[in-house]
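A.B. asks: Numbering (the working numbering), first residue to last: 22 to 278.
Idealized CB from N, CA, C, for every residue including glycine.
Here it is, written out as structure tokens:
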């Protein structure tokens, strides 16, 4: 990938074009194409640059993609991505994943030992890689973050910036076998305990102060997840009509009493 000096951009917040789906495959483990303005079309953005350590860093010639992938597995963590995006525990993230790049062969020979962690924009239609024209830094604290939230239209999951009937709020509510044996009344009580607090934090006020919204709790095993053992918190229009855009409060972390 790239031409000329085969020099990687190692700058957090830099944006990058990945013109072909193949460029997100681990076999293409370097990206030496020049960075682009985050205000122009791009597919990924660097959210962390981390040192490569351990035995693999001592090898003079750059190891194979398989060896590097195994050695660096989990280095570009979801926690680092969450911090960059402004994600909180209530945010059900979708359409953003992680892709990592290592030094080019000449850079490795010169002693560069860094890994670049990029947020990769996910599909909008049938594409496996899509583009944006703004920075992803802190995007989940803004209305533009709706594109990367999980909603549903009927039983089909969709991005929240399009028409949808309900929006997912994390966390999921896990049940063990003994709890599932206690029946739906117990399941509903446990799900409501979690969902009422989570949705209040999500929208910024207790749901009783938002008569336009309604909690749609999903119990374990309910359609469309017949085999599920977790409950989920969905919030949508009290009218039942489809809407576009997220109901999540904007801005940073907040608490609701």
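Do the region 115 to 125 and the region 167 to 177 make contact, defined as three or more Cβ pairs closer than 8 Å?
C.D. replies: Short answer: they touch.
A.B. asks: Report the rounded CA-to-CA distance for residue 233 versus residue 226, giving the unit in angstroms.
C.D. replies: Residue 233 sits at position 212 when you count from the first residue of the chain shown. Residue 226 sits at position 205 when you count from the first residue of the chain shown. The alpha-carbon atoms of residue 233 and residue 226 are separated by roughly 12 Å.
A.B. asks: Helix, strand or coil: which one does DSSP assign to residue 187?
C.D. replies: Against the chain shown, residue 187 aligns to sequence position 166. In the structure shown, residue 187 sits in a strand (DSSP, three-state: E or B).
A.B. asks: Would you check if the distance between the CB atom of residue 228 and the CB atom of residue 221 is smaller than 8 Å?
C.D. replies: Counting from one through the chain shown, the residue named residue 228 turns up at place 207. Counting from one through the chain shown, the residue named residue 221 turns up at place 200. A contact, by the Cβ cut-off of 8 Å.
A.B. asks: So the alpha helix (DSSP H) residue 198 belongs to, where does it begin and stop?
C.D. replies: Translated into the one-based positions of the chain shown, residue 198 becomes position 177. Unbroken alpha helix (DSSP H) run through residue 198: 198 to 201.
A.B. asks: Across which residues does DSSP place residue 66 in a beta bridge pair?
C.D. replies: The residue you call residue 66 lines up with position 45 of the chain shown. 36, 140.
A.B. asks: Distance check for residue 110 and residue 279, CA to CA, integer angstroms please.
C.D. replies: With the chain covering only 22 through 278, there is no way to say anything about residue 279.
A.B. asks: Might you give, ordered along the chain, the residues of its own chain that have their beta carbon closer than 8 Å to the beta carbon of residue 211, omitting 5 neighbours on each side?
C.D. replies: Within the chain shown, numbered from 1, the residue matching residue 211 stands at position 190. Answer for residue 211: 194, 196, 200, 252, listed in chain order.
A.B. asks: What are the boundary residues of the beta strand (DSSP E) that residue 129 is part of?
C.D. replies: Walking along the chain shown from the start, residue 129 turns up at place 108. Premise fails: residue 129 lies in the alpha helix (DSSP H), 126 to 130, not in any beta strand (DSSP E).
A.B. asks: For residue 184, which residues from the same chain have a beta carbon less than 8 Å from its beta carbon, with the 5 sequence-adjacent residues on both sides left out?
C.D. replies: Here residue 184 refers to the residue found at position 163 when the chain shown is read from its first residue. If we look at residue 184 and ignore the five residues flanking it on each side, its Cβ neighbours are 174, 263, 264, 265.
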